[in-house]
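Reading through the structure tokens given below for one structure.
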Amino acid sequence: MPELPEVETIRRELKPVIIGRRIERVKVLWPKTVAPTSARRFQTSLRGQTVTGLGRRAKILLIKLANNLTLTIHLKMTGQLIYRHSEYQIVGGHPQAGGADNLPNRFTRLVLDFDNRGQLFFNDARKFGWSRLLTGADQAELIRHFGPEPLTRDFSQNYLAQLAARYPRRPIKALLLDQTLIAGLGNIYADESCFRAGLQPARLAGSLKPANTARLHQAIQQILKLAISKKGTSARDYRRPNGQQGNFADLLQVYGRGGKPCLVCRQIVIKNRLVRRGTHSCPRCQH
DNA sequence: CACTTGACCTGTCCGC
DNA sequence: TGCGGACAGGTCAAGT
5 MPELPEVETI RRELKPVIIG RRIERVKVLW PKTVAPTSAR RFQTSLRGQT VTGLGRRAKI
65 LLIKLANNLT LTIHLKMTGQ LIYRHSEYQI VGGHPQAGGA DNLPNRFTRL VLDFDNRGQL
125 FFNDARKFGW SRLLTGADQA ELIRHFGPEP LTRDFSQNYL AQLAARYPRR PIKALLLDQT
185 LIAGLGNIYA DESCFRAGLQ PARLAGSLKP ANTARLHQAI QQILKLAISK KGTSARDYRR
245 PNGQQGNFAD LLQVYGRGGK PCLVCRQIVI KNRLVRRGTH SCPRCQH
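The numbering of the first sequence is the working numbering, which starts it at 5 and goes up by one.
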């Protein structure tokens, strides 16, 4: 489930290999991936464009083009972006990873061919992911739609405290997952942030004291920075552009550890459902 | 307005 | 071996 650290890793690793490259050919293998634009219109709009930069907003990758359009990609749950070139090392092993098997495979929805014979494959087993070409006005709207980026100054202790005060009856996990309030957290990092902050995900935001919001703020930033430094979490399908897994899964404290002993206190980690998500927490470390 | 549910999708795993 | 069902969760539209 690519969240902020995964998309940021993809952005950083893809940037040096596709920046300055011209898109020579676009193959749309699953038209719904580029809907509502038709596959043909998508292809003709993209062909011949040169990549001038790579950005990210929340969980969306922004591929900036020379004509001031931006190609946006959302990987949702199972999306992958795999880059291949004869001089770019690929590591395989996973059936969806674009490693040992040939690409495109049965999960490939979109392929971009570059002028240096490099290829970018957008694979997505569940077809939730999408790619759209945005004009300047559309970009501005996309930027506005999301809350502050949690690793910038816009996301301050004070901002988080104000959020909690504004939504006192919502569980803190609901606030963390709301993209219009905070951009880029998903299920994994919401649970991990709550654990690091010593707070139950179900705890109502209105019950947080200033020390709690301060600790939660710090936990979110520390977890995201650490996850980026480890190139993200390959819980299932996520892969880096070279096919390798991220390394943060080894450092998860509660996510995916329901029924296992807490790594801090040995109490059994509880898994239940909260805001329709599998939610993991330690009954002893979190209050 | 605040909050919840359904829909979009399919691979994987489990019990029978 | 095959099959039904549960489960995974990001996001938006629709419902309460």
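Backbone N, C-alpha and C define an ideal beta-carbon position, used for all residues, glycine too.
Looking at the strands, I want to know which residues DSSP matches up with residue i.
i: T283; result: N276
i: I232; result: DSSP lists no partner for I232.
i: G59; result: L66
i: I86; result: F125
i: I14; result: Its beta-bridge partners do not exist; DSSP assigns none.
i: P175; result: L208
i: T156; result: DSSP lists no partner for T156.
i: T54; result: R26
i: T37; result: Looking at the DSSP assignment, T37 forms no beta bridge with any residue, so it has no partner.
i: Y92; result: H89
i: T76; result: L66 and R136
i: K31; result: V115
What do you get for residue i, buried or exposed, if any count of 16 or more other CB atoms within 10 angstroms of its CB means buried?
i: N276; result: exposed
i: V273; result: buried
i: F118; result: buried
i: S211; result: exposed
i: G140; result: exposed
i: D158; result: exposed
i: I147; result: exposed
i: C286; result: buried
i: E91; result: exposed
i: G247; result: buried
i: T13; result: buried
i: A101; result: With a pLDDT of 41 at A101, under the threshold of 50, the modelled position of this residue cannot be trusted, and the question is left open.
i: A104; result: No answer about A104 holds up, because its pLDDT of 41 lies below 50 and its placement is not dependable.
i: T48; result: exposed
i: N216; result: buried
i: V268; result: exposed
i: T241; result: Here the sequence assigns Asp to residue 241, which means Thr is not the residue at that position. D241 comes out buried.
i: T156; result: exposed
i: S197; result: buried
i: R270; result: exposed
i: G97; result: Residue placement at G97 is poorly supported in this model, since its pLDDT is 44, which falls under 50; the coordinates still yield a value, given next. Looking at its Cβ environment, which holds fewer than 16 other Cβ atoms inside 10 Å, G97 is exposed.
i: R170; result: exposed
i: S135; result: buried
i: P9; result: buried
i: H284; result: buried
i: R243; result: buried
i: A209; result: buried
i: I22; result: buried
i: P154; result: buried
i: G151; result: buried
i: K63; result: buried
Report, in whole angstroms, the separation of the C-beta atoms of residue i and residue j, which I expect to be a contact under 8 Å.
i: G83; j: G133; result: 4 Å
i: P175; j: A206; result: 5 Å
i: P245; j: E17; result: 5 Å
i: T237; j: L220; result: At roughly 20 Å, the Cβ-Cβ gap does not stay under 8 Å, so T237 and L220 are not in contact.
i: L33; j: R113; result: 5 Å
i: I27; j: R51; result: 6 Å
i: A294; j: R200; result: Outside the modelled stretch of the chain, which goes from 5 to 291, sits residue 294, for which no answer is possible.
i: G202; j: H78; result: Actually they do not touch by this definition, with Cβ atoms about 32 Å apart.
i: K264; j: N251; result: With a Cβ gap of about 20 Å, K264 and N251 do not count as contacting.
i: V115; j: K31; result: 4 Å
Margin query: I want to know whether the region 230-246 touches the region 53-72 - three or more CB-CB distances under 8 Å.
Written below: no
Next item on the list: Go through the region 107-151 residue by residue and report every complete run of the beta strand (DSSP E) that reaches 3 residues or more, in order.
Entry: 112-118, 123-128 and 134-138
Margin query: I'd like to know if the region 253-264 and the region 168-188 are in contact, where contact means that at least 3 CB-CB pairs between them fall below 8 Å.
Written below: no
Check: Does the region 159-172 come within contact of the region 30-49, defined as at least 3 CB pairs closer than 8 Å?
Finding: no
Item checked: In chain order, each beta strand (DSSP E) run of at least 3 residues that lies wholly inside the region 201-265 -> none
Margin query: For the pair the region 193-208 and the region 126-133, tell me if three or more CB-CB distances fall below 8 Å.
Written below: The region 193-208, when compared against the region 126-133, does not touch it at the 8 Å Cβ threshold.
Checklist line | Meets three-Cβ-pair contact criterion under 8 Å: the region 43-60 and the region 78-92 | finding: no
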